[in-house]
Amino acid sequence: MKLQHALGGLEGLDTITPEIEVFVEPWEKRIFGIHTAMMALSNHLDTSIPDYAIDDVPTTFKSFWTWGHLRQGAEGMHPFEYFRLRYYEKWLGGISGFFVSEGYITQEELDARTAEFLEDSTAAAAPLPSGGAPAIDDQVVKYLKEGDSPMRPLEAPPKFSLGEQVKIKIVSPGAHSRLPGNLQGRVATVVKVYEGAFTYFFPTADGIGVPMPVYSLAFQPEDLWDESLIEPDSVYYNDIFEVYIEAA
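In structure tokens, the structure reads:
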């Protein structure tokens, strides 16, 4: 992951104060719901596990959208903007940009609607439209219950085994990565080889996207951080795709 998305290797950061409330503003519930509906109506679900009859759902949303796309949009932000904006503000920007890029709305329409909300803050709390297609609601509920599994049959045996020393590759993250940057080049011990193979929603420049083994790796904290930052007798664990690992 790029710098602003994996802070575990950085020093001198201010104390992080977590939000007590899950949703701070009413509109945040809506953007969460929109993202959930987009995942539930994504056009890739006809090949997912479990299989969904997504072509039979009467929705005008015909795009490919997953958690991975949401994260990719956030990783594409300027680091200063990433730290300036709150959590769901990043979601709002990424999803809005996606709808513009996919042609569902124009930038002019988005700007005009944004201006309306800025002039009247109560507009964002207006009741949602009613009378949607029940089949769409059913699909969203089904997706919430059954999800979209990353597990696939294992086609080749894992390259590494329990107890083996391995090294994390140094790779360019490209547009999107699932490898924390501060682990690159570090040595770890395999403490678990997960059963089966795991895929990712779409291919990335650094190698994930096809089914592969995933390992739980144990890192010694002194290999990652300054001694003053380490808790005594601690161990750091991380689950890593096989493509990011090489023999030590």
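Using the working numbering, the first residue of the sequence shown is number 22, and each one after it goes up by one. Ideal Cβ positions, reconstructed from N, Cα and C, are used throughout, including at glycine.
For residue i, report the span of its alpha helix (DSSP H) as first-last.
i    : result
V111 : What sits at residue 111 in the sequence shown is Lys, not Val. K111 -> alpha helix (DSSP H) spans 108 to 122.
I70  : Counting along the chain, I70 falls outside any alpha helix (DSSP H), and DSSP gives it neither H nor E.
E140 : 128 to 140
P47  : 47 to 61
Any idea what DSSP makes of residue i, helix, strand or coil?
i    : result
M98  : coil
L238 : strand
K188 : strand
A144 : helix
I157 : helix
K83  : coil
L149 : coil
H90  : helix
S20  : Nothing about residue 20 can be read from this structure; the chain reaches only from 22 to 269.
I75  : helix
Y103 : helix
S249 : helix
Y164 : helix
D227 : coil
Rounded to whole angstroms, what is the Cα-Cα separation between residue i and residue j?
i    : j    : result
G195 : P234 : 22 Å
T80  : L165 : 17 Å
F82  : E96  : 24 Å
V256 : Q93  : 29 Å
L200 : D77  : 37 Å
V43  : G202 : 28 Å
N259 : P171 : 18 Å
E267 : I157 : 45 Å
K180 : G206 : 18 Å
E102 : W112 : 13 Å
G115 : Y265 : 27 Å
K188 : P100 : 28 Å
G118 : R134 : 14 Å
S198 : P253 : 31 Å
P150 : V161 : 17 Å
I55  : L183 : 42 Å
D72  : S63  : 12 Å
D278 : T57  : In this structure the chain extends from 22 to 269, so residue 278 is not present and cannot be described.
A136 : G89  : 30 Å
E185 : K50  : 45 Å
E129 : V121 : 10 Å
L66  : I251 : 43 Å
L204 : F104 : 22 Å
Y215 : G153 : 42 Å
D132 : G124 : 15 Å
Report the CB separation of residue i from residue j in whole angstroms; it is logged as a contact under 8 Å.
i    : j    : result
A209 : F240 : 5 Å
F223 : G217 : Their Cβ separation, rounded to whole angstroms, is 20 Å, which puts F223 and G217 out of contact at 8 Å.
S249 : V212 : In fact, because the Cβ distance is near 26 Å, the residues do not count as touching under 8 Å.
M60  : T87  : 6 Å
I52  : Y108 : Wrong, their Cβ atoms sit about 10 Å apart, outside the cutoff.
D169 : S69  : 5 Å
R173 : T143 : R173 to T143, Cβ: 48 Å. No contact.
S193 : D141 : That belief does not hold up - the Cβ atoms of S193 and D141 are roughly 46 Å apart, past 8 Å.
Heavy atom of the ligand NAP less than 7 Å from the Cβ of residue i, yes or no?
i    : result
S249 : In the structure shown, the ligand NAP is absent, as is every other ligand, since no ligand is present at all.
Under DSSP, the beta strand (DSSP E) around residue i begins and ends at which residues?
i    : result
K180 : Note, K180: premise wrong, no beta strand (DSSP E); not H, not E.
D260 : 257 to 262
So that I know if they touch, is there some Cβ in chain D lying closer than 8 Å to that of residue i?
i    : result
E137 : Considering every chain present, this structure includes no chain D. It has just one protein chain.
Can you pull the DSSP bridge partners for residue i?
i    : result
K4   : With the chain covering 22 to 269 only, the question about residue 4 has no answer from this structure.
A268 : V187
Y221 : Beta-bridge pairing links Y221 to no other residue.
M172 : F219
V208 : K188
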